[in-house]
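So the structure is just underneath, and the comments pick up after that.
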């Protein structure tokens with residue numbers, strides 16, 4: 001193998017640039033030519049591919065987002081689109097790919113390999129931490145700390161005005177951000193997609209908490225079964241029926257995707273990037289390089305995509321115990 005390419009796809013996450021940097025410099029260290037594909041699979045189809053050098057990735061390890069840009073590609077989902085992508089890679093002599101992204105990225109890479117046989121190793125880039133085969137995903141730690149900083153500030157104003165705040169964080173199908181930011185922020189309740197939310201129990205507990213606490217923070221993952229934080233707040237308010245109690249909603253949204261990556265995300269991204277390149281050199285393909293129990297592991301894309309990643313039971317227990 002002499003030429004490889006790296007690209008980012010799907011939602012951006014802090015640490016993607018650190019991963020790109022590691023891929024480029026590890027490739028050069030091992031004597032490979034490294035190319036960057038801009039705008040993900042769409043750029044592969046458009047031929048937006050450029051040679052990268054060591055200086056191409058200077059001064060990016062601390063930056064959020066992705067210098068290679070990201071985009072979703074409807075055309076890549078078609079055989080015609082994938083054929084165009086393959087022809088562009090073949091024309092440049094690219095023999096291996098590093099795909100930085102999540103489920104959608106790995107699904108596309110798996111199909112592409114099955115059709116054209118270009119070896120691909122993925123790196124888990126998503127703030128949701130919902131990919132099987134790695135303890136943590138690139139960007140998750142930063143997103144949790146961003147949410148935590150917001151929760152700390154909301155706690156101040158909640159306490160000052162004796163308010164109940166519902167804070168919505170990202171997590172359409174996974175509650176990892178909600179759970180960890182909720183524990184770190186001292187939330188009274190955390191609502192996640194993985195567990196059924198008992199509205200009556202929430203209302204009962206809030207009424208009991210009012211005997212000892214004048215304000216409360218409820219963290220809601222956007223994919224909770226009862227709906228959005230706004231919808232849940234309205235249901236709770238209707239049941240409590242206290243004209244003297246104020247209920248507020250804050251939706252954190254895409255601020256969780258931005259910002260400088262934490263040290264943990266930079267190190268994780270760098271390890272995964274290096275492992276992806278060395279995996280390609282060793283002949284690995286159609287798999288993801290992740291870190292489990294502090295060790296680099298390679299997990300087939302089929303397992304990464306197909307297996308759910310459960311929340312840590314002790315974390316859910318912590319929320320119940322510490323909210324008393």
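In full-length UniProt numbering, the protein residues as written are 1 to 324. By construction, the Cβ of each residue, glycine as well, lies at the ideal position given by its N, Cα and C atoms. What you are looking at is a predicted structure, and each value in this text was computed from that prediction instead of being measured.
Candidates 299, 290 and 38: which alpha carbon is nearest residue 137's? Residue 290 is the option with its Cα nearest to residue 137.
Taking the alpha helix (DSSP H) that residue 205 belongs to, which residues open and close that run? Note, residue 205: alpha helix (DSSP H), 199-209.
Tell me whether residue 4 sits in a helix, a strand or coil according to DSSP, three-state version. Residue 4 falls in the strand class under three-state DSSP.
Less than 8 Å separating the beta-carbons of residue 32 and residue 3? Yes. Within cutoff.
What is the rounded straight-line gap between the Cα of residue 188 and the Cα of residue 153? Cα to Cα, residue 188 sits roughly 16 Å from residue 153.
Is it buried or exposed, residue 222, if we count other Cβ atoms within 10 angstroms and call 16 or more buried? Classified as buried, residue 222 has 16 or more neighbouring CB atoms from the shown chains inside 10 Å of its CB.
Which same chain residues end up closer than 7 Å to residue 148 when comparing Cβ atoms and leaving out the 5 residues on each side of it in sequence? The answer, listed in chain order, is 181, 184 and 185.
What first and last residue would you give for the beta strand (DSSP E) that runs through residue 97? Residues 96-101.
Determine the contact status of residue 338 and residue 167, defining contact as a CB-CB distance below 8 Å. Residue 338 falls outside the range modelled here, since the chain spans only 1 to 324, and no answer is possible.
Can you look up residue 221 in the DSSP assignment and give me helix, strand or coil? Assignment of residue 221 by DSSP, reduced to helix, strand and coil, places it in the strand class.
So, with DSSP's three-state summary, where would you put residue 49? Three-state result, residue 49: strand.
Between the segment 52-59 and the segment 292-311, can you find at least three pairs of beta-carbon atoms closer than 8 Å? Between the segment 292-311 and the segment 52-59 there are fewer than three C-beta pairs closer than 8 Å, too few to call the two in contact.
Alpha carbon of residue 229 to alpha carbon of residue 239, nearest angstrom: About 15 Å.
If you reduce the DSSP assignment to three classes, tell me which class residue 84 lands in. Residue 84 falls in the helix class under three-state DSSP.
Between the Cα of residue 9 and the Cα atoms of 140, 108, 59 and 190, which residue gives the shortest distance? The residue from 140, 108, 59 and 190 with its alpha-carbon nearest to that of residue 9 is 108.
Hey, residue 301 and residue 122: beta-carbon distance below 8 Å or not? In this structure, residue 122 lies closer than 8 Å to residue 301 by Cβ.
Residues bridged to residue 300 [DSSP beta-bridge criterion]: 287.
I think residue 235 touches residue 199, with their Cβ atoms under 8 Å apart; what is that distance to the nearest whole Å? The Cβ separation is near 6 Å, so the contact holds.
Rounded C-alpha distance that separates residue 263 from residue 243: Computed Cα separation, rounded: 46 Å.
Sequence-distant residues of its chain with Cβ nearer than 7 Å to residue 145 (five each side left out): 262.
Reducing DSSP to helix, strand and coil, say where residue 251 ends up. In the structure shown, residue 251 sits in a strand (DSSP, three-state: E or B).
Coarse secondary structure for residue 214, derived from DSSP in three states: For residue 214, the three-state secondary structure derived from DSSP is coil.
Just the C-alpha distance for residue 135 and residue 103, rounded to the nearest angstrom, thanks. Roughly 15 Å separates the two Cα atoms.
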